[in-house]
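Below: one structure, written as structure tokens.
There are 2 protein chains.
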Amino acid sequence: MLKEERQKIILDQVHLHHRVLLTDLSESLNVSIDTVRRDVKELAKEKKLKKVHGGATSFGFMSFSKDDDNIYLLSKKIRIAEKTVSLLSEGQVILMSGGTTNMEVAKMIPKRLSLTVFTPSLHVAMQLLELPDVEVIFLGGKLLHEAKFAVGGTVVNSLNQLKVDLCILGTGYLDADHGLTEFDWEVIQVKQAMIRAAKKTVILSVSDKLHSVQKFKTCDLTAVHTLVTELHPSDPVLDRFREFDLRLV
Amino acid sequence: MLKEERQKIILDQVHLHHRVLLTDLSESLNVSIDTVRRDVKELAKEKKLKKVHGGATSFGFMSFSKDDDNIYLLSKKIRIAEKTVSLLSEGQVILMSGGTTNMEVAKMIPKRLSLTVFTPSLHVAMQLLELPDVEVIFLGGKLLHEAKFAVGGTVVNSLNQLKVDLCILGTGYLDADHGLTEFDWEVIQVKQAMIRAAKKTVILSVSDKLHSVQKFKTCDLTAVHTLVTELHPSDPVLDRFREFDLRLV
DNA sequence: ACAAAAACAGCAAAAACTTGCAAAAAGTAG
DNA sequence: CTACTTTTTGCAAGTTTTTGCTGTTTTTGT
């Protein structure tokens with residue numbers, strides 16, 4: 045294999061997943077970790093990507109939330125994304141919120157699956173546009189600078205006119221007692237409208253966030269139909285959630 | 045086998061697979077590795093392909109999307125962007141379309157200028173969010189895959205409810221006789237609505253595009269108030285545009 | 001603070017590159 | 001056809017690049 049070829053694959057991976065682990069690259073490319081390390085070092089010197097401890101990230105596109113600098117969360121999120129994508133079916137009309145986990149879902153949707161997706165997230169919309177068979181409708185409104193997420197009356201009004209098959213909610217804090225919570229009031233309004241606008245709601249959450257509570261409440265767990273985590277559905281960590289009428293994936 | 049014949053095969057292989065190994069070529073062409081090496085060296089000198097350690101790649105193999113934008117045009121666009129930014133003033137409410145020129149404008153807006161910007165372009169919106177004092181409102185609707193631009197009734201409806209200070213139109217084809225033209229009917233609808241929604245309209249155009257016509261017409265030059273090019277306002281190339289009630293910048 | 005993972009530096013083997021040279025092939029007069 | 005030049009090709013010796021491995025140092029998470 046040519047060095048250039050390898051480096052291109054690395055760059056593609058970085059652009060696709062926004063973050064990659066050197067160990068993963070080493071394995072999938074069948075070269076030693078040192079070689080990958082050297083490649084990444086070179087690419088970093090050429091400003092094609094950003095080298096971080098344990099891997100590399102694309103810089104230029106976006107920097108998300110603070111705790112997302114953690115490379116190890118990514119593999120969990122990818123696992124969640126895989127499971128979530130398997131819930132989708134041809135021709136569905138769905139809603140997707142923002143957040144890194146939802147981004148991974150967007151990246152993982154197969155190229156030939158036709159969907160109609162409504163989203164108020166710039167990042168998710170951008171990613172979905174890579175898929176030729178997905179129709180993307182952006183729910184316009186005032187954009188939040190950090191989250192790159194549209195909020196406000198316009199978004200809620202648009203949502204009130206919809207009734208879609210599925211709503212996929214990413215980022216958010218989850219707790220068996222307190223339900224779904226957020227720290228941003230405006231985001232809550234949008235998420236509530238999203239849940240109302242969908243027949244079924246799917247929540248994506250890495251297990252780390254399963255018992256965290258924020259200031260404002262989006263909804264109770266009874267409003268949710270499916271919970272996707274990176275864990276096996278039978279994992280004891282999920283026990284607290286079994287009392288609800290929830291499908292664990 | 046003739047040398048030219050061999051080199052043509054090499055080029056075909058490179059174009060087909062984007063990369064070749066010298067060892068593979070040597071084997072499949074039944075010549076020594078040195079001969080192949082010399083051939084590739086020649087082709088590289090003629091800029092027909094790129095020689096790399098162990099093989100060759102096609103040009104643009106390592107490039108992803110944006111590198112194609114040549115430096116030559118970019119400098120003109122930056123010049124235009126500079127002039128355009130100088131037209132803006134504190135507190136204005138403006139509309140921005142998409143396109144690379146408008147992107148340059150977005151990049152060049154000073155950090156401390158507060159504005160309210162409506163746009164149907166994902167890229168422009170994304171860029172504007174880097175500015176803390178700019179409020180960005182995305183005009184939601186169906187997104188075009190290539191242009192990352194929102195079109196359709198939703199966008200037009202939103203625009204019909206606006207009356208903003210300024211509309212900045214990027215990309216588009218301009219001609220003194222035929223006015224502003226485009227090749228996408230849906231985009232036209234949006235741009236027309238944008239012009240209607242603004243008190244003044246500014247057109248950005250690199251001089252190369254000043255005499256090009258496309259299939260569909262957005263508006264006459266009489267609907268435009270300012271034309272920004274990279275040229276000096278007194279440049280004779282702009283003479284054809286002086287008969288209109290246009291401010292040249 | 002400790003153990004595990006990752007980064008770094010130096011080394012050695014393998015692969016690829018360079019250069020010079022000579023033989024073969026092709027072209028060019030006389 | 002022959003003698004000569006020119007081009008092309010293959011080969012060999014020496015150099016550089018790439019790659020994986022070693023042991024050591026740094027960073028990270030608990």
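Protein sequence lines, in the order shown, are assigned to chains A and B.
Using this note's numbering, read the first sequence as starting at 45 and increasing by one per residue.
Using this note's numbering, read the second sequence as starting at 45 and increasing by one per residue.
C-beta atoms are modelled at their ideal positions from N, C-alpha and C, and glycine is treated no differently.
In this text, all values refer to a predicted model and were calculated from it rather than measured experimentally.
- With a cutoff of 8 Å on beta-carbon distance, L66/B and R81/B are scored as near each other.
- Residues of the same chain with a CB within less than 7 Å of the CB of T198/A, apart from the 5 flanking positions on each side, are G184 and G185 in chain order.
- The C-alpha of L290/A is placed about 16 Å away from the C-alpha of S251/A.
- Taking a 10 Å sphere around the C-beta of L224/A, we find 16 or more other C-beta atoms and assign the residue as buried.
- Straight across, the Cα-Cα distance linking T266/B with V200/A is about 38 Å.
- Ranked by Cα distance from M238/B, the options I53/B, E48/B, G142/B and K91/B are led by G142/B.
- Within chain B, the residues placing a beta-carbon under 7 Å from that of A169/A are L166 and L187, ordered along the chain.
- Taken in chain order, the members of the stretch 181-209 of chain B whose beta-carbon sits within less than 7 Å of a beta-carbon on chain A are I181, F182, L183, G184, G185, K186, L187, H189, K192, A194 and S202.
- With a minimum length of 3 residues, the unbroken runs of beta strand (DSSP E) contained wholly in the stretch 54-128 of chain A fall at 63-65, 94-96 and 99-101.
- CA-to-CA, the gap between V58/B and A241/B works out to about 51 Å.
- Contact note: T101/B reaches chain A through L46, E48, E49 and K52, using a C-beta cutoff of 9 Å and chain order.
- Here DSSP, grouped into helix, strand and coil, assigns F285/A to helix.
- Per DSSP, the continuous beta strand (DSSP E) segment holding E226/A begins and ends at G223 to E226.
- When the beta-carbon positions are compared, A220/B and F285/B come within less than 8 Å of each other.
- The alpha-carbon separation between K207/B and K243/B amounts to approximately 7 Å.
- In the DSSP assignment, E230/A falls within the alpha helix (DSSP H) that extends over W229 to R240.
- Looking at P277/B, K261/B, E48/B and T163/B, the one whose alpha-carbon comes closest to that of F227/B is K261/B.
- Note on geometry: alpha-carbon atoms of V149/B and L118/B lie some 12 Å from one another.
- Chain order gives the chain A residues near P176/B as H189, where near means a beta carbon separation below 8 Å.
- Any Cβ of chain A closer than 8 Å to the Cβ of L65/B would place that residue at the interface, and such an atom is present.
- Distances from the CA of S76/B to each of L87/B, K127/B, K47/B and L188/B were compared; the closest alpha carbon is that of K47/B.
- In the DSSP assignment, A194/A is bridged to L187/A.
- Legend: CB atoms of the stretch 132-156 of chain B lying less than 8 Å from CB atoms of chain A are not found in any residue.
- The Cβ neighbour count for V257/B, taken over all protein chains shown within 10 Å, is under 16; the residue is labelled exposed.
- Between L139/A and T163/A, the C-beta gap is smaller than 8 Å, which places the two residues in contact.
- Residues of chain B whose Cβ lies closer than 9 Å to the Cβ of L173/A are, in chain order, L166, L187, L188, H189, E190 and K192.
- The beta carbons of L87/B and F103/B sit about 11 Å from each other, so the pair does not count as a contact at 8 Å.
- Residue-level contact check: E230/A does not touch chain B, since none of the beta carbons of chain B fall below 8 Å from its beta carbon.
- At least one CB atom of chain A sits nearer than 8 Å to the CB of M106/B.
- Listed in chain order, the non-local C-beta contacts of G196/B below 6 Å within the same chain comprise G185 and K186, local neighbours out to five positions each way being set aside.
- Rounded to the nearest whole angstrom, the CA to CA distance from I122/A to V96/B is 34 Å.
- Nearest CB-CB separation between V281/B and chain A: not below the 8 Å threshold.
- For E179/A, the residues of chain B that pass the 7 Å Cβ criterion are K186, in the order they occur in the chain.
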